[in-house]
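Take the sequence shown: its letter number 135 is residue 135 in UniProt numbering, and every next letter is one higher. Beta carbons are placed, not taken as given, at the ideal position from N, Cα and C, and that holds for glycine. Working notes for the structure below.
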Amino acid sequence: MQRVEIREAMFEGMHGHLTCISIDPDLPLHELLGQPLGIEMVNDRGGLHHINGIITEARAGQADGALRVYHLTLRDAMSIMDGRINSRIFRRKSVPDILHILLREWRLRSPALAHAFSFDLHRLDQRRYPCATRSAKPSTRSLKGSPRMMACSASTISAPRFLKHRRPSTLPTGVSPKA
Numbered sequence: 001m002q003r004v005e006i007r008e009a010m011f012e013g014m015h016g017h018l019t020c021i022s023i024d025p026d027l028p029l030h031e032l033l034g035q036p037l038g039i040e041m042v043n044d045r046g047g048l049h050h051i052n053g054i055i056t057e058a059r060a061g062q063a064d065g066a067l068r069v070y071h072l073t074l075r076d077a078m079s080i081m082d083g084r085i086n087s088r089i090f091r092r093k094s095v096p097d098i099l100h101i102l103l104r105e106w107r108l109r110s111p112a113l114a115h116a117f118s119f120d121l122h123r124l125d126q127r128r129y130p131c132a133t134r135s136a137k138p139s140t141r142s143l144k145g146s147p148r149m150m151a152c153s154a155s156t157i158s159a160p161r162f163l164k165h166r167r168p169s170t171l172p173t174g175v176s177p178k179a
């Protein structure tokens, strides 16, 4: 790893650019796309800060005959899912019900995303989210409002931690991961 630039913001997710150097001049870049990647960084207090994402772009850079530079783009699963646009009407569904439907659909439609994350809504207090007679989701990005819907809840999205012991890391949705 030569350089890491990562931006995390509440309700905006994570977006990062990684510059890597390899002795392999011909890495199969198409095989990197959709792969989960975990990074551990030491924070200002000496603790570890874990960042989990999915590789969404991979480019080969300059080579000098012995080494090649590779540029990777890393994004969190929720921001990747945010790109889909659709219109929906949910009848007699609560916010957790709607989130479960949307997240389950994404996992079924995308093997790469299904491999990279899971979701857990069981800690939500269902009494806080009564069923609405009708919840419309007009031609908006599929999960654009999801972080706002979940911000004050205990809902989580789990991304495997890909360094060291490969233990799962459960991240509050819409909130930056903590060490």
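Status (buried if at least 16 other CB within 10 Å, exposed otherwise) for residue i
| i | result |
| --- | --- |
| R91 | exposed |
| D24 | exposed |
| V42 | exposed |
| A66 | exposed |
| L108 | exposed |
| T133 | exposed |
| L102 | buried |
| C152 | Note that C152 scores a pLDDT of 38, beneath 50, so its modelled location is shaky and nothing firm can be said. |
| I98 | buried |
| P130 | exposed |
Where residue i falls: helix, strand or coil (DSSP)
| i | result |
| --- | --- |
| R107 | helix |
| L72 | strand |
| D120 | strand |
Contact under 9 Å by Cβ, residue i with residue j
| i | j | result |
| --- | --- | --- |
| N52 | P36 | yes |
| A58 | L113 | no |
| H50 | G38 | yes |
| I6 | L74 | yes |
| V69 | Q126 | no |
| A60 | H71 | yes |
| A116 | I54 | yes |
| S87 | E12 | no |
| G34 | S110 | yes |
| E40 | L48 | yes |
Beta bridge counterpart(s) of residue i as assigned by DSSP
| i | result |
| --- | --- |
| A114 | In DSSP, A114 forms no bridge with anything. |
Every unbroken beta strand (DSSP E) within the segment 1-79, with a cutoff of 3 residues, ordered by chain: 3-9, 13-22, 36-42, 48-63 and 68-75
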